[in-house]
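Enquirer:
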Amino acid sequence: MTTEFQDVDQPRRSLRVVHAANYQMDKDGLAFFNPDQKMHQGLVQAGCYVYPFSINDRARMLSPTGSKIFGRGRANRALIQTCVNVNPDLLVLCHAQTVTRETIIEIRRKVPGIRIAFWYVDPIWEGCNYGHLTDRQDLFDAIFCTTGGRDLKQFCNPGCPAAFIPNPVEAGIERDRAFEDPNPEYDLVFFGRDKYAPDRREFLSKLVAALPEFRMGIFGSLGNPLVFGHAKEHILATSRMALNLSRRDDVELYSSDRIAQLTGNGILTLTAAGGGLEQLYTSDEVVYYSGFDDLVVKLRQLKQNDAERVRIARNGWVKSHTVYSARQVARFIVDLSMRYPEYRQCPWGKHVYWHESDRDASLTRAAA
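Start counting the sequence shown at 1; every next residue gets the next number (this note's numbering).
1. Just the C-alpha distance for Phe-228 and Gln-24, rounded to the nearest angstrom, thanks.
2. Closer than 6 Å by C-beta to Glu-233: which residues in its own chain qualify, once you throw out the five before and the five after it? Chain order, please.
3. Would you mind sorting Thr-263 into buried or exposed? The rule is 16 or more other CB atoms within 10 Å of its CB.
4. Tell me the start and end of each unbroken beta strand (DSSP E) in the segment 9 to 81 that is at least 3 residues and wholly inside, in chain order.
5. My assumption, with CB atoms under 8 Å, is that Arg-193 sits in contact with Gly-220. Please give the rounded CB distance.
6. Would you call the segment 257 to 275 and the segment 307 to 326 touching, i.e. three or more CB-CB distances under 8 Å?
7. Going straight from the alpha carbon of Gly-223 to that of Lys-195, what length do you get?
8. Between which two residues does the alpha helix (DSSP H) carrying Ala-178 extend?
9. Does the distance from the CB of Val-169 to the CB of Ser-54 come in under 7 Å?
10. Within 10 angstroms of the Cβ of His-230, are there 16 or more other Cβ atoms? Answer buried if so, exposed if not.
11. Using a Cβ-Cβ cutoff of less than 8 Å, which residues in the same chain neighbour Ile-143 once the five nearest sequence positions on both sides are dropped?
12. By the DSSP assignment, the alpha helix (DSSP H) with Val-318 in it spans what residues?
13. Between the C-alpha atoms of Asp-257 and Phe-32, what's the straight-line distance to the nearest angstrom?
14. Pull up the distance between the alpha-carbon of Met-241 and that of Arg-300, whole angstroms please.
15. Within 10 angstroms of the Cβ of Gln-21, are there 16 or more other Cβ atoms? Answer buried if so, exposed if not.
16. Starting from the C-beta of His-321, find all residues in its chain whose C-beta is less than 7 Å away, skip the five residues before and the five after it, and write them out in chain order.
17. Taking only runs that begin and end inside the segment 243 to 298, name each unbroken beta strand (DSSP E) of 3 or more residues, in chain order.
18. Apart from the five residues just before and just after Ser-362, which ones in its own chain have a Cβ nearer than 6 Å to its Cβ?
19. How would you label Lys-38, buried or exposed, when you count the other beta carbons within 10 angstroms and need 16 or more for buried?
20. Residues in its own chain within less than 7 Å of Pro-158 by CB, not counting five upstream and five downstream?
21. Measuring only the C-alpha atoms, how far is Ala-368 from Tyr-281?
22. Tell me whether Cys-145 sits in a helix, a strand or coil according to DSSP, three-state version.
23. In angstroms, rounded to a whole number, what distance separates the CA positions of Ala-273 and Ser-67?
24. Would the beta-carbon of Val-17 fall within 7 Å of that of Pro-112?
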C-alpha cells in the first residue's frame with residue numbers, strides 16, 4: 001500500500017504489533033513448535049510489543065457450538081475491535097484464510113496509518129489453494145512467503161512487495177543439540193504425512209527396504225502415527241540424521257518448516273538438490289542428494305563416518321540459529337513492512353520483488 005521509506009537517522013519509538021495467527025491453543029501445547037509461535041517470539045525479541053490474536057481459537061470461543069466455522073464472522077469482528085483497542089503500528093497476519101477483505105478494509109478505516117503484513121508458510125505453486133491470498137493481496141503493505149522465484153513474484157502489487165523469508169528457528173523451541181548425543185536412538189527419522197502422496201509413500205517404502213541395518217523412525221507415514229509436543233522433541237534430540245522431504249523439490253528456495261526443526265535441533269539433515277536451498281545452506285551445513293541411489297550411498301557413508309556427520313550437523317545448527325533465527329526473520333518482516341531500509345542488509349534481502357510502478361523498485365527488486 002505504500003513505498004515510502006523512513007529516514008534511518010530519525011529516532012524510532014517501539015512498535016506495537018497485533019499478530020493474528022493460528023496459535024493452536026486448543027492443542028494444549030502439542031503444537032508449541034508451530035511457526036506462528038516462533039514468529040510471536042521473534043517479534044518480541046525484535047523489540048516489539050506483540051498482542052496475540054489466535055484466529056481459529058477466537059472463532060471457537062465466539063461460536064455457540066464451539067465451531068471455528070460458525071464463529072468466523074464473530075472472529076472477524078473481534079479482530080477489528082482488537083485493532084481499534086490496541087491501535088497497533090503493524091498488523092501481522094498468518095494462517096488468516098478466514099480474515100475477509102471487508103475486515104481488512106474496515107481495520108484500515110478505523111486505524112489510520114496502520115501497516116498490514118501477511119506471511120505464509122504453505123506452498124504457492126500452481127495447483128495449490130492460495131486463492132485467499134490473491135483475493136486480498138492488493139490490501140497488504142508486504143507479503144512474505146517461504147517460497148522464492150516466479151511463484152513468489154506473482155504476489156507483488158503496487159505498494160506491496162513480495163519477499164522471501166526462510167523458515168524461522170527459535171532457540172527456546174529448537175533447543176536440542178542432537179549432534180552431541182553419543183548414543184542416538186535412531187539412525188534416520190522422517191516426520192510427515194504420506195496421505196494423498198503416493199510418490200512419498202513409495203520413496204519411503206523403498207528406503208526402508210534398502211537400509212535394513214538402519215534404526216529408522218518414520219512418523220506420520222507408512223501407517224505410523226505422527227508425534228507431537230515433547231514426544232517429538234525427544235525423538236529429535238536422539239536421532240543421527242533426518243530427511244527433509246518436500247512435496248516438490250524443484251521450487252526455488254522452498255522447504256516446509258521441517259528444515260528449521262531438524263537443523264535447529266542439531267540433526268544432520270538430508271534434502272534433495274535442485275530447489276535452490278543451496279542459496280541458504282551450503283553442502284557443509286546440510287547434505288544434498290540427487291536421486292534415491294545417491295541418498296542411500298550418502299546415508300551409509302555418514303553412518304560409518306560419525307565425525308563427518310557431527311561436523312555437518314553442527315554447522316547446520318549454527319547457521320540456522322545465527323542467520324535464520326525467529327528474531328532475524330521477524331526483524332526483516334518489520335523492517336520491510338514499515339519501509340525501514342535496514343531490510344536490505346538481511347542475508348536474503350535480495351529476494352524481494354517490487355511492482356514496476358514502485359519508486360524504490362529499481363533499488364530493491366530481486367533478480368528475475
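Note that CB positions come from ideal geometry on N, CA and C, so glycine has one too.
Expert: This is what the structure holds:
1. 13 Å
2. none
3. buried
4. 16 to 21 and 49 to 54
5. 5 Å
6. yes
7. 10 Å
8. No alpha helix (DSSP H) contains Ala-178, which DSSP labels as neither H nor E.
9. no
10. exposed
11. Ala-117, Phe-118, Trp-119, Tyr-120, Leu-133, Gln-137, Phe-155, Cys-156, Cys-160, Pro-161, Ala-162 and Ala-163
12. 306 to 323
13. 13 Å
14. 11 Å
15. A small correction: the amino acid at residue 21 is Ala; Gln does not occupy that position in the sequence shown. By the neighbour-count rule (16 or more Cβ atoms within 10 Å), Ala-21 is buried.
16. Val-169, Ala-171 and Gly-264
17. 268 to 272 and 287 to 289
18. Because Ser-362 sits at a pLDDT of 39, beneath the cut-off of 50, its placement in the model cannot be relied upon, and the following sentence gives the value as read from the coordinates. Nothing meets the Cβ criterion.
19. buried
20. His-355, Ser-357 and Asp-358
21. Reliability fails at Ala-368, whose pLDDT of 32 lies under 50, so the model's placement of it is uncertain and the value that follows must be treated cautiously. Distance between the alpha carbons of Ala-368 and Tyr-281: 21 Å.
22. strand
23. 42 Å
24. no
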